[in-house]
Amino acid sequence: MKKIILILLFLILISFKTGDNKSNYTVPRAAYSVTAGDIDMDGDNDIVVGHNYSSQTQWSGVSIMLNDGNGYFYLFDSVFLYAGQSDVLIKNLNTTSNKEIIAKYIDAQIENEYIAIINDFSLPDISYFSLNTNEGIDKKTTGDINGDANIDIVVASNGGKFWGVLYNDGYGNLTEPEYHYVTDYFPTALSCGDLNGDDREDIVICGQSTEVYFSYPDSFQLLLLETNDFKQDVSVVDFDLDGDLDIVTFADMYLANYTRLKIYKNIGNNNFDTIDNFDFQPSCSIMFVSDFNNDSLPDVIFHTSTGAFIFYNQDDFQLSGPQFVEIPDVGEYERYSYCADMDGNGYNDIITLRYLYMHLNNNLSILFNDGNGNFVDDPVTAIEKLQSHNKISLKCYPNPFINEIDFEYITEKNARVMLAIYDISGKLIKGLTSDEINIGQYGKLMKTHKITWDGTGNNGQYCKPGLYIAALEINGALQQTIKVLKY
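For the sequence shown, the positions run 58 to 544 when this note's numbering is used.
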């Protein structure tokens, strides 16, 4: 019977969500940046799009697309923010569990720029924090720069040749920006991560140069990695899974029609080894680092005007040959991307955003990862709720959960009930109950049955955060499944 349950769970996990192809969406014009995260706290990833100012509509800001739970999206609302939204972020900045949307605002009358924070998914509740500049804040990211367990905001100005930090007090209030100038180049990208294991996130900024600013209590210590090739992007990630963070950058060598991936291996003590350049054709303008095959090794995806090239990480800084994923051009000027699990099957998908100041149909699309190396138009859902043959009702709360989650179930017939937790591969994590449920004198249950999962497996160890499956078995047959998200 266990084997049958595992087979059924496997079929559930790989089943396609049927219906019309809804992977193409039309969002407001001048869509320039995109990110994903669980904005409404219902256990699935939503989409936030940042828009540049359009003179035709006299509008810029962010638009929010909510996930219906199966990987289909609807435009929920939009917020006007006068500014070019070169990037938009989703992070938790305060003591509530809801995440904030981090964007930008410009007051043209006084020529000042601001960080605009939409608080706790309450769209009218926007906090503005002055950047004390009008030189153009082009990039922003987040990190715990001073090691106080609060998420700070890091910004960079291409035209002003500087970067800065706005420190978070833990309640969502930001300090005045602390600015520093780079070494005579125009920064194009930045990323944060704890590169030396001191619980303070360091800052990597690149353009013509690649610079590391190690964060210390009294100052930042600069390490200049190199000044060759103009880099378009940077990511701080443990690329070889050796326990410390490495630095991944790339250069778009468009005149010669090739792309150069440049990786710096962290060897400890604030030192890095430069890995041999990884060059390939054609020229690509966008890089994103994401694990597509769930082997925990970060893979690399590059975008061209017609599709994407995925290079799978084979460990020890070796990459596979490219997998080309076709993403057709629909008349855009540029395109941007983000990768995250949008349909809840445990594999990261590809969001492609198409940029044009004029109206553009289907300017946002999603290709869903089926876990077998295929990227398809329709969601590959992790959970399909099965029709209960014994009128079973299974509920759980809270979901998502941090420490523990409660399940309740009711049946209208005598039954042997088993509730168990599985991971997304179908592996049994913990059996929660195996009870004989008896009907009372009048054919009704004596009470509602409740059981709590404390987030541990059969080995007694706490399970890592992620997606799990609660499976209800009645008289030896799988009847109902619910996806639960552990933070």
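Virtual Cβ for every residue (Gly too), placed ideally from N, Cα, C.
**Q.** Alpha-carbon to alpha-carbon, D256 and I320
**A.** 23 Å
Q. Span of the beta strand (DSSP E) holding R86?
A. Unbroken run through R86: none, as it is neither H nor E.
Q.
On the CB-based measure, 16 or more other CB atoms within 10 Å of its CB, does I384 come out buried or exposed?
A. buried
Q: Could you check how far apart the C-beta atoms of A88 and L421 are, in whole angstroms? I think they sit under 8 Å.
A: 7 Å
Q) Around the C-beta of F137, are 16 or more other C-beta atoms found within 10 angstroms, so that it is buried, or is it exposed? A) exposed
Q | Whole-angstrom distance between N189 and C396, CA atom to CA atom | A | 33 Å
**Q.** Presumed contact (8 Å Cβ cut-off) between K218 and Y242, rounded CB distance
**A.** 7 Å
Q: Look at the alpha carbon of T153 and the alpha carbon of M310, and state the distance between them as a whole number of angstroms.
A: 45 Å
Q: Could you pull the start and end residues of the beta strand (DSSP E) that G364 belongs to?
A: 364-368
(Q) Run through the DSSP bridge pairs and tell me what Q537 is partnered with. (A) L529
Q. Is F329 near L282, with beta carbons less than 8 Å apart?
A. yes
Q. Considering only C-alpha positions, which residue in the set V293, D99, V382, D125 is nearest to L252?
A. V293
Q.
Rounded to whole angstroms, what is the Cα-Cα separation between L542 and T92?
A. 20 Å
Q: For N151, count neighbouring Cβ atoms within 10 angstroms of its own Cβ and tell me buried if that reaches 16, exposed if not.
A: buried
Q: Apply the 10 Å Cβ neighbour rule to K521 and answer buried if 16 or more other Cβ atoms are within range, or exposed otherwise.
A: exposed
Q) Around the C-beta of A165, are 16 or more other C-beta atoms found within 10 angstroms, so that it is buried, or is it exposed? A) exposed
Q | DSSP bridge partner residues for D134 (one or two, in chain order) | A | I121
Q.
So, does the segment 283-292 touch the segment 224-239, judging by three or more C-beta pairs under 8 Å?
A. no
Q | Rounded straight-line distance, which links the Cα of M344 to that of N215 | A | 19 Å
Q.
Taking 8 Å as the limit between beta carbons, can you name the residues of its chain near K507, skipping five residues before and five after?
A. D463, F464, E465
(Q) Checking 8 Å against the spacing of the C-beta atoms, do K322 and D297 come in under that value? (A) yes
Q. For the candidate residues V212, I324, G388, whose alpha-carbon lies nearest to that of P244?
A. V212
Q: With DSSP collapsed to three states, give me the class of G107.
A: strand
Q. Among L180, N169, E170, which one has its Cα closest to the Cα of I158?
A. L180
Q. Does DSSP classify N176 as helix, strand or coil?
A. coil
Q. According to DSSP, is Q142 helix, strand or coil?
A. coil
Q) What is the DSSP secondary structure of Y404, reduced to helix, strand or coil? A) coil
Q. Can the beta-carbon of S272 be found less than 8 Å from the beta-carbon of I202?
A. yes
**Q.** Cβ contact (3+ pairs, closer than 8 Å) linking the segment 121-129 and the segment 450-461
**A.** no
Q. Which whole-angstrom value describes the C-beta separation of P457 and G100, a residue pair presumed to lie in contact below a C-beta threshold of 8 Å?
A. 5 Å
Q. Relative to the C-alpha of E192, which residue among T198, G221, G204 is closest?
A. G221
Q) Taking the C-alpha atoms as reference points, what is the distance between N225 and A173? A) 14 Å
Q) Residue ranges of each beta strand (DSSP E) run of no fewer than 3 residues wholly in the segment 265-298, ordered along the chain? A) 267-272, 277-283, 288-294
Q) Is the beta carbon of V474 sitting closer than 8 Å to the one on I531? A) yes
Q: List the residues that DSSP assigns as beta-bridge partners of F374.
A: According to DSSP, F374 bridges with nothing at all.
Q: Buried or exposed for S248, please, with buried defined as at least 16 other CB atoms from any protein chain shown within 10 angstroms of its CB.
A: buried
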